[in-house]
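Asker: Questions regarding the structure given below will be posed in turn.
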Amino acid sequence: MRKKIIAGNWKMNNTISQAEDFVASIIDRINVSDREVVICPSFVCLDTVYSVIENTNVKLGAQNVYFEEKGAYTGEISADMLVSCFVDYTIIGHSERRNIFSETDEMINKKAKTLLTRDIKPIICVGETLEQREQNKHFDFVKSQVINALKDIDEKSVAEKIVIAYEPIWAIGTGKTATAEQANEMCKFIRDTISELYSKKVADKIRIQYGGSVNAKNASQILNMPDIDGALVGGASLKDEFVSIVNFE
Ligand code: PGA
0 MRKKIIAGNW KMNNTISQAE DFVASIIDRI NVSDREVVIC PSFVCLDTVY SVIENTNVKL
60 GAQNVYFEEK GAYTGEISAD MLVSCFVDYT IIGHSERRNI FSETDEMINK KAKTLLTRDI
120 KPIICVGETL EQREQNKHFD FVKSQVINAL KDIDEKSVAE KIVIAYEPIW AIGTGKTATA
180 EQANEMCKFI RDTISELYSK KVADKIRIQY GGSVNAKNAS QILNMPDIDG ALVGGASLKD
240 EFVSIVNFE
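Under numbering that gives the first Met the number 0, the residues of the sequence shown are numbered 0 to 248, in order.
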């Protein structure tokens, strides 16, 4: 049985004091054990959020990493730095990073490999534009993103460490959710792709999330679909509403 994983991607929101107050206000209600909960604040809030979640089941995630070990990369953050902040998961390849900061599939693959060397679990985001969906190119596009992101990554890491987040770009921050059927269809397609690339055993183990305007109202419908193993939540993870998403039935 794959354990559901619900991650909150705060993006560029919350100062240190806001982060502390907010997590303190929800921690008792998101500290569950039958599903995994991850909070991904900005880098500067990692330490503060960790101090609130430290003795709970809730895990800490980062929103990005650089693939080089250390050196003259002004403004970047290394995997070792994330380890020193007790980070368990790191989101990579979010469409905002791909589109606004020009990240390529190759960079995302390097980031995934770097994280794995430090035993941090990558949450790899993939997803098509509305235009690609309308032209019926969405399956081919997402398949190429998955293949490129996982290049040269061993099957044990894929089965046990990697999480894939299917986030159709047209559903992110727009209030326009994919239907549960559309989301499940692509998550299943990604699972079939993993089966082709590795094996059915690996495909049965890897966790695949859906992301894009997940909220308290649509969470249970989406999260009860057979191939959807969790959610990557943006806007609603900044509000008390996150508690209802985590506790979906
Ligand atoms: P959203 O963002 O829930 O605000 O649509 C999701 C994401 O970008 O991960």
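Using N, Cα and C, we set each Cβ at its ideal position, and we do this for glycine too. Keep in mind it's a predicted model, so treat the numbers as computed, not measured.
Entirely within the region 94-131 and at least 3 residues each: give me those beta strand (DSSP E) ranges in chain order.
Answerer: Along the length of the region 94-131, whole beta strand (DSSP E) runs at least 3 residues long occupy 120-125, reported in chain order.
Asker: Count Cβ pairs between the region 32-47 and the region 92-110 that sit closer than 8 angstroms; are there 3 or more?
Answerer: no
Asker: Determine the extent of the alpha helix (DSSP H) in which residue 141 is found, giving its start and end residues.
Answerer: 137-148
Asker: Quick check on residue 1: buried or exposed, where buried means 16 or more other Cβ atoms within 10 Å of its Cβ?
Answerer: exposed
Asker: Does the distance from the C-beta atom of residue 145 to that of residue 127 stay below 8 angstroms?
Answerer: no
Asker: Within the same chain, show all residues whose beta-carbon is closer than 8 angstroms to that of residue 154, passing over the 5 residues directly before and after it, in chain order.
Answerer: Here the set comprises 197, 198 and 201.
Asker: What separation, rounded to the nearest whole angstrom, lies between the Cα atoms of residue 231 and residue 48?
Answerer: 18 angstroms
Asker: Thinking residue 207 and residue 171 are a contact (beta carbons under 8 angstroms), I'd like their distance in whole angstroms, please.
Answerer: Going by Cβ atoms, the distance from residue 207 to residue 171 rounds to 17 angstroms, so no, they are not a contact pair.
Asker: Could you check what DSSP says for residue 78 in three-state terms: helix, strand or coil?
Answerer: helix
Asker: Is residue 134 buried or exposed, if buried means 16 or more other CB atoms sit within 10 Å of its CB?
Answerer: In summary, residue 134 is exposed, with fewer than 16 beta-carbon neighbours lying within 10 Å of its beta-carbon over all protein chains present.
Asker: DSSP three-state call for residue 28: helix, strand or coil?
Answerer: helix
Asker: With a threshold of 7 angstroms, establish whether the CB of residue 172 neighbours any heavy atom of the ligand PGA.
Answerer: yes
Asker: Report yes or no: do three or more beta-carbon pairs, one from the region 206-222 and one from the region 15-30, lie closer than 8 angstroms?
Answerer: no
Asker: Under 8 angstroms between the Cβ atoms of residue 36 and residue 58?
Answerer: yes
Asker: Just to confirm the assignment: which complete beta strand (DSSP E) runs, minimum length 3, are found wholly within the region 157-241?
Answerer: 162-165, 206-210 and 229-232
Asker: For my contact list, residue 178 and residue 212 are in at a C-beta cut-off of 8 angstroms; report their separation, rounded to the angstrom.
Answerer: That belief does not hold up - the Cβ atoms of residue 178 and residue 212 are roughly 12 angstroms apart, past 8 angstroms.
Asker: Among 114, 55 and 105, which residue has its Cα nearest to the Cα of residue 78?
Answerer: 114
Asker: Pick helix, strand or coil for residue 19, following the three-state DSSP scheme.
Answerer: Helix, per DSSP.
Asker: Check whether the Cβ atoms of residue 241 and residue 29 lie closer than 8 angstroms to each other.
Answerer: Result yes, Cβ atoms of residue 241 and residue 29 sit closer than 8 angstroms.
Asker: Using alpha carbons as the reference points, say which of 224, 239, 225 and 191 lies closest to residue 214.
Answerer: 239
Asker: Leaving aside the five residues before and after residue 25 along the sequence, list all residues of the same chain whose C-beta is less than 8 angstroms from its C-beta, in chain order.
Answerer: 239, 241 and 242
Asker: Report all residues from its chain with a CB closer than 8 angstroms to the CB of residue 139; omit the five preceding and five following residues, and keep chain order.
Answerer: none
Asker: Alpha carbon to alpha carbon, what distance is there between residue 124 and residue 71?
Answerer: 27 angstroms
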